[in-house]
Amino acid sequence: MRPTRGVLPSYVAVPMVVVLVGIAAALPTLASMAKTRPLLALASGIAWLGIIVLVIRLLNRAPAARGACRCVSPPLDYRDYERRDIGIDDSHGRFATVAIERCCFCGQNWLVYQYELEHHSRSGRWYRAPVTYGEAAEATAGGALATMASAGWYLYGGSYFDSTGKRSDQPLDPAHV
Ligand SMILES: [Zn+2]
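First residue of the sequence shown? That's -7 in my numbering, and the numbers climb one at a time after it.
So this is what it looks like as C-alpha cells:
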C-alpha cells in the first residue's frame, strides 16, 4: 500500500507524536510528586526529557538509513519515487541533472546526481545518497555533491559502471564522480 502523498514522512510525524505522548504521560505524575518531593520531581522530569530526546534521535534517522526499505536495494524502479528536479550542476562541464526523489514507501528523500558525457558511449552514471528532510528542502544543484558526501554512503550505477546499481559504504568523493 502506498502512503498518501504530501503528508509528513513517518520519521518526522512519529517523533512528534512521541513528544506529545511523553509529555502527556509524565505531567500528572510530576505534578503530584512536586508537592511532596520537589527535588525528586525535578530529577524525574529531567530524566524523562532525556528519554524523550533519545527516542526522537533514534526515530529521526530516516527509514532507509536504518536499512529497511526497497529503496536501498538496487535495481530501483523510478515509479517508486516522487521526483522533484533541483537543477543542473555545470561544474567541470558535466551538466549533471540534480533532483530529489522521495520514496513512496518509506518517505526517505534521496539526492540524485546523474550525467553522461556527450559523444562518449557508456559514460552514463548516477549517484544517489539518502538525505534528511531538511537537506532535501535546502538542496541546490551546486552543493549537491558536498551534501551527498556528508551522507556517509551512497548508491551508484549506470552504463559507465556497467551496473544497475551498487552500494558504496564509503562517503562519496566529490572529486571523483
Ligand atoms: Zn524507501
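Using N, Cα and C, we set each Cβ at its ideal position, and we do this for glycine too.
For W145, the secondary structure class from DSSP, reduced to helix, strand or coil, is coil.
Within 6 Å of the C-beta of F153 there is not a single heavy atom belonging to ligand 1. Per DSSP, the unbroken alpha helix (DSSP H) holding E130 starts and ends at 125 to 130. Residue A18 holds the alpha-carbon nearest to the alpha-carbon of A39 among S24, T28, K27, A18.
Here C95 really is in contact with Y73; their C-beta atoms are around 6 Å apart, less than 8 Å. Restricting attention to D77, M8, T28, S24, the CA atom closest to the CA of A91 is found in D77. Residue range 101 to 107 is occupied by the beta strand (DSSP E) that includes Q106. In this structure P166 is in contact with A141, their Cβ atoms being roughly 5 Å apart against a cut-off of 8 Å. From the listed residues D69, A33, G116, the smallest Cα separation to Y152 is found for G116. For F87, the shortest C-beta to heavy atom distance toward ligand 1 is 6 Å or greater.
From the listed residues T156, D154, D161, the smallest Cα separation to Y146 is found for D161. With contacts defined as CB atoms closer than 7 Å, L103 and A131 qualify as a contacting pair. The closest heavy atom of ligand 1 lies 6 Å or more from the beta carbon of Q162. When only Cα atoms are considered, V47 and H84 end up about 43 Å apart.
Annotated as proximal: Y105 and A88, with beta-carbon spacing under 7 Å.
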